[in-house]
DNA sequence: TAGATATTTAAATAATTATCTAAATATCTA
DNA sequence: TAGATATTTAGATAATTATTTAAATATCTA
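Protein chains in written order, with UniProt numbering: chain A, 1 to 97; chain B, 1 to 97.
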C-alpha cells in the first residue's frame with residue numbers, strides 16, 4: 001500500500017481539512033482547536049490522532065497543553081502526486097501510488 | 001460543505017487512485033479498467049461512479065463500450081488547495097474549504 | 001499531596017462505505 | 001428479432017469510520 005494512503009484518508013474528512021487550515025494560520029492546542037467545532041473533545045482528539053498518524057501534523061506537549069502544528073513534508077509529496085496526474089502523458093517514472 | 005469534499009473523498013480510496021493513474025496514461029473502457037483489479041465489475045463500476053460524481057473523470061459511450069477519461073479541472077483546484085496550505089502564512093483570501 | 005485543568009484512551013453505537021451476487025439496460029450482429 | 005457482449009443498477013452484507021460518554025493520564029498550583 002502506498003505511503004500516501006494515510007494522508008489521503010486523513011484529508012477525506014472535512015473536519016480534518018478544517019483543522020489543517022486552522023493550523024496553517026498558527027499552531028494551536030487541542031483545546032483551542034476543539035473550541036472551533038460542534039463536537040466533543042474526544043472526537044477532535046481522534047481526528048488529531050489520524051492527522052498525526054498520517055504525519056500531516058506534529059504534536060508537542062508544553063505543560064498542560066499539547067500544541068499541534070503542520071508538518072509540510074507530506075503535503076509536498078501529495079502536491080507531487082497531483083502534479084504527476086496533471087502533467088502531460090508519461091510523467092515521472094518509478095512512482096509508487 | 002466545500003465543493004472539494006467529493007473529490008477528496010473519491011481520492012481517499014487506493015483503488016480509485018489507481019484508476020486515476022491508469023486514466024492518466026490513456027482513456028479506457030470500464031471493462032479494461034476492471035481487468036486490472038481483483039474485484040468484480042459492479043465494484044469497479046461503483047468506484048467509477050464515485051469518481052464521476054466527484055467530476056474527476058468523464059464517461060462517454062461508444063457503441064457497447066463506455067470510455068472513461070480524466071477531467072483535469074478539479075485536479076487543478078485540488079492542487080490549489082494544497083498550495084494554499086504549503087504557502088507561507090496568510091495565503092489567498094476567500095478560500096472556501 | 002489534593003484539586004483543577006488539559007488531553008487522551010476505552011468501549012459502545014451509529015453512520016458510511018466497499019464489496020458481492022443477481023438482475024436490468026444498452027448496443028451490436030447474425 | 002434473438003443472442004452475445006459491455007456495463008450499470010439493486011439489494012444485501014461486511015468492514016470501516018465517526019461520534020459519544022465515561023474513565024484514565026499528565027501537568028500545574030495552592
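All C-beta atoms in this analysis are idealised placements derived from N, C-alpha and C, irrespective of residue type, glycine included.
With distance defined between alpha-carbon atoms, name the residue in B:79, B:40, B:30 nearest to residue 65 of chain B. Taking the first residue of the second chain as 1, we reach residue 65 of chain B at position 65. B:30 is the residue among B:79, B:40, B:30 whose C-alpha sits nearest the C-alpha of residue 65 of chain B.
Straight-line CA distance for residue 62 of chain B to residue 32 of chain B? Translated into positions along the second chain, residue 62 of chain B becomes position 62. Translated into positions along the second chain, residue 32 of chain B becomes position 32. For residue 62 of chain B and residue 32 of chain B, the gap between their C-alpha atoms comes out near 14 Å.
May I have the straight-line CA-CA distance separating residue 78 of chain A from residue 78 of chain B, to the nearest angstrom? For the purposes of this step, residue 78 of chain A is identified with residue 78 of the first chain, where counting begins at 1. For the purposes of this step, residue 78 of chain B is identified with residue 78 of the second chain, where counting begins at 1. Taking the straight line joining both Cα atoms gives about 10 Å.
If you follow the alpha helix (DSSP H) that residue 45 of chain A is in, where does it begin and where does it stop? Position 45 of the first chain holds residue 45 of chain A. Looking at the DSSP string, the run of the alpha helix (DSSP H) that includes residue 45 of chain A is 41-53.
Would the beta-carbon of residue 70 of chain B fall within 8 Å of that of residue 10 of chain B? As a first step, residue 70 of chain B must be located in the second chain, where it is residue number 70. As a first step, residue 10 of chain B must be located in the second chain, where it is residue number 10. Taking 8 Å as the Cβ cut-off, residue 70 of chain B and residue 10 of chain B do not qualify as a contacting pair.
Residue-chain proximity (residue 11 of chain A, chain B), Cβ-Cβ < 8 Å: By 1-based counting over the first chain, the position of residue 11 of chain A is 11. A Cβ of chain B is located within less than 8 Å of the beta carbon of residue 11 of chain A.
Where does residue 4 of chain B land, buried or exposed, given buried means 16+ other C-beta within 10 angstroms? Taking the first residue of the second chain as 1, we reach residue 4 of chain B at position 4. Its Cβ being crowded by 16 or more others within 10 Å, residue 4 of chain B is buried.
For residue 67 of chain A, tell me which candidate among A:27, A:75, A:81 has the shortest Cα-Cα distance. Here residue 67 of chain A refers to the residue found at position 67 when the first chain is read from its first residue. Of the listed residues, the one whose Cα sits closest to residue 67 of chain A is A:27.
Spatial distance of residue 72 of chain B from residue 22 of chain B (CA atoms): Counting from 1 along the second chain, the entry for residue 72 of chain B is found at position 72. Counting from 1 along the second chain, the entry for residue 22 of chain B is found at position 22. Whole-angstrom Cα-Cα distance: 14 Å.
Can you tell me whether DSSP reads residue 80 of chain A as helix, strand or coil? Working through the first chain from its first residue, we reach residue 80 of chain A at position 80. Residue 80 of chain A falls in the helix class under three-state DSSP.
Can you find the residues in the same chain that come closer than 7 Å, C-beta to C-beta, to residue 53 of chain A, ignoring five residues on each side of it along the sequence? Counted from its first residue, the first chain places residue 53 of chain A at position 53. Within the same chain, residue 53 of chain A has close Cβ partners 6.
What is the DSSP secondary structure of residue 70 of chain A, reduced to helix, strand or coil? Your numbering for residue 70 of chain A matches position 70 in the first chain. DSSP places residue 70 of chain A in the strand class (E or B) of the three-state scheme.
Would you call residue 89 of chain B buried or exposed, if buried means 16 or more other Cβ atoms sit within 10 Å of its Cβ? Taking the second chain and counting its residues from 1, one reaches residue 89 of chain B at position 89. The predicted position of residue 89 of chain B is uncertain, since its pLDDT is 41 and thus under 50; a value taken from the coordinates is nonetheless stated next. Classification of residue 89 of chain B: exposed, given that the 10 Å Cβ count is below 16.
Could you name the residues of chain A that residue 76 of chain B contacts, counting a contact when the two beta carbons are closer than 9 Å? On the second chain, residue 76 of chain B is found 76 positions in, with the first residue counted as 1. Residues of chain A passing the Cβ test: 82, 86.
Have a look at the DSSP bridge pairing and note the partners of residue 65 of chain B. Taking the second chain and counting its residues from 1, one reaches residue 65 of chain B at position 65. Partner(s): B:62.
I think residue 17 of chain B touches residue 97 of chain A, with their Cβ atoms under 8 Å apart; what is that distance to the nearest whole Å? Translated into the one-based positions of the second chain, residue 17 of chain B becomes position 17. Translated into the one-based positions of the first chain, residue 97 of chain A becomes position 97. The beta carbons of residue 17 of chain B and residue 97 of chain A sit about 6 Å from each other, so the pair counts as a contact at 8 Å.
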